[in-house]
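K.L.:
Got a structure for you, written out below as structure tokens; questions coming shortly.
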Amino acid sequence: MTATGLGWFLAILVGALAGWIAALLMKTRTGLLLNIVLGIVGAGVANFLFGIIGINFSGIIGSLIAGVIGASLLIALVRAVR
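Per my numbering, the sequence shown starts with residue -8, numbered consecutively.
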């Protein structure tokens, strides 16, 4: 497996874990695919928002934290729109 392939695999794994943790924290029931999407998109959203104020996340733990925060924000946003 190449480094790029490992990067994608690791991003999906961390995204799934972040989405799952966010779903537990927000007390919502989502499936594996939605957890992965929430975690990955949430990490991107959180990195962007925190980057604006000068906070940067790096490494696996940083990505996990950003993913949980971002996924939780996305879940809260969806709940507010409904």
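Don't be surprised by glycine CBs; every beta carbon is placed ideally from N, CA and C. Just so you know, these numbers come straight off a predicted model, no measurement behind them.
1) Quick check on S49: buried or exposed, where buried means 16 or more other Cβ atoms within 10 Å of its Cβ?
2) If I'm right that G33 touches A13 with Cβ under 8 Å, what's the distance once you round it to whole angstroms?
3) May I ask you to report which of helix, strand or coil DSSP gives S49?
4) Out of curiosity, what's the CA-to-CA distance linking G58 and I51?
5) Would L65 pass as a contact of L29 if the rule is Cβ separation under 8 Å?
6) In this structure, does DSSP put L55 in helix, strand or coil?
7) Determine the DSSP secondary structure at I3, reduced to helix, strand or coil.
8) In chain order, what residues of the same chain have a beta carbon less than 8 Å from the beta carbon of A67, not counting five sequence neighbours either side?
P.N.:
Based on what the coordinates show:
1) The residue is exposed, with fewer than 16 neighbouring Cβ atoms inside 10 Å.
2) Taking a contact as a CB-CB distance under 8 Å, the pair G33 and A13 counts as one, their CB atoms being some 7 Å apart.
3) Looking at S49 - three-state DSSP - the assignment turns out to be coil, as it is neither helix nor strand.
4) If you take the alpha carbons of G58 and I51, they lie about 10 Å apart.
5) It is a contact, given that the beta carbons lie within the stated cut-off.
6) Of the three classes helix, strand and coil, the one that applies to L55 here is helix, per DSSP.
7) Of the three classes helix, strand and coil, the one that applies to I3 here is helix, per DSSP.
8) Here A67 has M17 as same chain residues with Cβ atoms under 8 Å from its own Cβ, once five neighbours each way along the sequence are excluded.
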